[in-house]
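For reference, the structure discussed in these notes is given below.
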Amino acid sequence: MRGQIMKGIAGFYFVKSGETIYRCKARGLFKKQGIKPAVGDEVIIETGEREDDSLITEILPRRNSFIRPFVTNVDCFVIVTAPAHPAPVLTVIDKLLIMAEQAETDVVLCVNKCDLTGGEKKAALRARQMREELCRVYGPLYPVICTQMDEQQSLDPLRDAIRGRAVALAGASGVGKSTLLNRLLHRQEMETGQISSRSKRGRHTTRHTELFSADDEGTLIFDTPGFTSFDLPQVEPEKLPALFPEMAALGGLCHYDDCTHRAEPGCAVKEALEQGSIEQSRYGSYCVFRREAEERRKY
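Counted the way my numbering counts, the sequence shown spans residues 76 to 374.
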């Protein structure tokens with residue numbers, strides 16, 4: 076019987092086949108082979124006498140997979156951030172984008188909580204400026220959708236963007252990811268968290284990854300644990316420019332074929348940076364990621 080893993084907890088996997096959810100264990104052979112089932116996997120199961128006594132016997136080929144969050148078969152990656160409370164970290168956003176580009180997955184950047192800017196005029200001004208910066212930096216590269224916590228209609232563009240697709244919802248804790256998921260699913264029972272007053276970052280509320288059906292049009296949404304930082308995906312330094320769309324568009328225009336886009340003369344990327352067609356923050360992320368990739372290669 077064919078199905079899809081919707082949730083995994085304590086060694087059990089909950090597989091949906093048709094309208095039924097089966098609680099399954101995985102074959103011991105997977106562990107010996109170093110294979111771990113993931114939420115999103117399409118699998119073959121053998122059912123037991125009871126629905127909670129079944130076995131995953133085969134994991135079908137994956138279209139793509141991500142390490143953190145550990146999910147597979149994703150059509151679109153929705154990166155959720157906020158203009159304030161907590162303030163976005165652009166390098167974290169850029170790492171997520173690298174992860175999505177590497178897996179050839181579509182991306183939507185959701186700037187959530189745009190109506191929660193704080194009571195003070197200065198805080199509201201900073202939040203508005205950050206929202207504008209996010210739109211300026213990422214708008215030419217990816218769809219950027221601004222949503223509000225108290226305005227249901229603000230979700231309509233996001234619903235249109237993800238309709239009929241398997242979507243991974245990810246972002247730092249406290250950006251309103253669980254609340255956003257509740258609203259997309261028209262449900263309220265999921266636990267949501269508040270911002271830590273000391274760190275100004277969110278408390279983790281989602282403790283495991285789960286796949287939800289959002290509508291009758293085939294929209295599936297992964298809910299993943301929040302995070303604030305993670306390692307750069309494994310990527311060769313020479314392949315990094317191709318994962319930055321603004322740099323990939325300049326491929327072949329540099330004077331040197333092996334240009335690293337840092338100090339070489341005749342570099343098309345550096346020229347674009349000087350002209351303002353490549354954002355300084357994006358170029359800064361590229362340089363940081365390149366150094367990390369080169370250091371990792373040494374070991």
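A virtual CB, placed ideally from N, CA and C, is assigned to each residue, including glycine.
Buried/exposed call for residue i, threshold 16 Cβ in 10 Å
| i | result |
| --- | --- |
| Arg337 | exposed |
| His279 | Model confidence at His279 stands at a pLDDT of 40, short of 50, so the residue's coordinates are unreliable; what they give is reported in the following sentence. Exposed, since its Cβ has fewer than 16 Cβ neighbours within 10 Å. |
| Val90 | buried |
| Glu285 | buried |
| Tyr361 | buried |
| His283 | exposed |
| Arg262 | exposed |
| Ala198 | exposed |
| Ser374 | The amino acid at residue 374 is misidentified as Ser; the sequence shows Tyr. When all chains shown are included, Tyr374 counts as exposed. |
| Gly86 | exposed |
| Leu184 | buried |
| Lys107 | exposed |
| Ala159 | buried |
Cβ-based neighbour list, residue i, same chain, cut-off 7 Å, excluding 5 preceding and 5 following
| i | result |
| --- | --- |
| Met174 | Phe141, Pro308 |
| Arg138 | Asn148 |
| Tyr88 | Ile80, Cys99, Ala101, Pro112, Ile131 |
| Pro378 | Summary: the structure shown does not reach residue 378, with the chain confined to residues 76 through 374, and so no result is reported for it. |
| Ser356 | Leu165, Val212 |
| Lys252 | Val155, Leu244, Gly246, Gly301 |
| Leu315 | Tyr361, Phe364, Arg365, Ala368 |
| Gly293 | Gly239 |
| Asp190 | Gln223, Met224, Asp225, Glu226 |
Contacting residues, own chain, Cβ-Cβ under 6 Å from residue i (five flanking each side not counted)
| i | result |
| --- | --- |
| Phe152 | Ala175, Thr180, Val182, Ala243 |
| Lys275 | In this predicted model, Lys275 has a pLDDT of only 43, less than 50, meaning its place in the structure is not dependable; the value taken from the coordinates is given anyway. Closer than 6 Å at Cβ, skipping near neighbours: Pro161. |
| Ser129 | Tyr97, Cys99, Ile120, Thr122, Gly123 |
Secondary structure of residue i, DSSP reduced to three states
| i | result |
| --- | --- |
| Leu216 | coil |
| Arg240 | coil |
| Glu370 | helix |
| Glu354 | coil |
| Thr267 | A caution first: Thr267 carries a pLDDT of 46, below 50, which makes its placement in the model too unreliable to give a value. |
| Glu292 | coil |
| Ala245 | strand |
| His279 | Caution is warranted here: a pLDDT of 40 is assigned to His279, below 50, making its placement in the model unreliable, and the coordinate value is therefore given only provisionally. Of the three classes helix, strand and coil, the one that applies to His279 here is coil, per DSSP. |
Boundaries of the alpha helix (DSSP H) in which residue i is found, first to last residue
| i | result |
| --- | --- |
| Leu256 | 252 to 260 |
Delimiting residues of the beta strand (DSSP E) encompassing residue i
| i | result |
| --- | --- |
| Ser288 | 285 to 288 |
Cβ shell of residue i (< 8 Å), same chain only, five flanking positions each side left out
| i | result |
| --- | --- |
| Lys82 | Tyr88, Phe89, Val114, His283, Thr284, Glu285, Leu286 |
| Leu260 | Phe287, Ala289, Ile296 |
| Cys329 | His336, Glu339, Gly341, Cys342, Ala343, Val344 |
| Arg258 | Gln227, Leu230 |
| Val37 | Lying before the first or after the last residue shown, residue 37 is absent from the chain, which here runs from 76 to 374. |
What are the start and end residues of each continuous alpha helix (DSSP H) run of 4 or more residues lying completely inside the stretch 83 to 167, in chain order? Runs of the alpha helix (DSSP H) inside the stretch 83 to 167: 103 to 107.
What runs of the beta strand (DSSP E), each 3 residues or longer, lie entirely inside the stretch 173 to 215? The qualifying runs are 181 to 186.
Inside the stretch 297 to 345 only - alpha helix (DSSP H) runs reaching at least 4 residues: As far as the stretch 297 to 345 is concerned, its whole alpha helix (DSSP H) runs of at least 4 residues are 320 to 323.
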